[in-house]
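Beneath this line is the structure, given in C-alpha cells, with notes to follow.
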Amino acid sequence: MDQSLDCGNTAADVCKAEAANQWCVYLIRCADDTFYCGISNRPALRWAAHCAGQAARYTRSRGVKEMRLLSVGLSRSAAGREEWRIKQLNRQQKQLLWAAVVETDRIWRQEA
Numbered sequence: 001m002d003q004s005l006d007c008g009n010t011a012a013d014v015c016k017a018e019a020a021n022q023w024c025v026y027l028i029r030c031a032d033d034t035f036y037c038g039i040s041n042r043p044a045l046r047w048a049a050h051c052a053g054q055a056a057r058y059t060r061s062r063g064v065k066e067m068r069l070l071s072v073g074l075s076r077s078a079a080g081r082e083e084w085r086i087k088q089l090n091r092q093q094k095q096l097l098w099a100a101v102v103e104t105d106r107i108w109r110q111e112a
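Going by full-length UniProt numbering, the first residue of the sequence shown is number 1, and it counts up by one from there.
Structure follows, in C-alpha cells:
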C-alpha cells in the first residue's frame with residue numbers, strides 16, 4: 001500500500017497535526033453506503049459539519065454514518081494530491097482502504 005496511506009497514526013498524532021495546522025485526508029461512509037473523500041486541517045470540526053449537513057453537498061444529500069482518517073500530518077498540497085488519488089479509486093478499492101483503518105481513535109461515528 002502507498003506509504004502516504006499509513007494508518008498507524010493515533011489520536012495524539014491527530015491533535016498534534018491540528019495544533020500545527022497540518023492537513024488530514026478522510027473517508028466518509030455515507031448512509032447509502034457510498035464513500036466521500038475529503039481533506040481538513042480540523043477533522044473533528046469537519047466531521048461535525050458533515051453530521052450537521054453543513055459540509056459537502058454530496059454528504060448533505062446522502063447522510064453520513066462514519067468517518068475514518070486515512071493520512072494525518074500532511075501539507076495542504078500533499079493532502080489535496082492524496083484526496084484526488086483516492087477519488088480515482090473504484091468502489092472495491094475504497095472498501096479495502098476503509099477496512100485498513102481499524103484504530104477506534106481514528107474513527108468518528110454518527111450518533112443514532
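Glycine is no exception: its CB is placed at the ideal position from the N, C-alpha and C atoms.
Just so it is clear, the structure is predicted and the values come from calculations on it, not from any experiment.
- Can you give me the start and stop residues for the beta strand (DSSP E) that ARG29 sits inside? 23-30
- Using the Cα positions of CYS37 and LEU69, report the straight-line distance between them to the nearest angstrom. 10 angstroms
- Message: Does VAL102 pass the burial test, meaning 16 or more other C-beta atoms within 10 Å, or should it be called exposed?
- Response: exposed
- Item | Where SER61 falls: helix, strand or coil (DSSP) | helix
- When you compare only the Cα positions, how much space is there between ASP6 and ARG85? Because ASP6 carries a pLDDT of 35, less than 50, the predicted location of this residue cannot be relied on, and the following value inherits that uncertainty. Cα-Cα distance, rounded: 15 angstroms.
- Task: Using the Cα positions of residue 113 and ARG57, report the straight-line distance between them to the nearest angstrom.
- Result: Nothing about residue 113 can be reported from this structure: the residues present for the chain run from 1 to 112 only.
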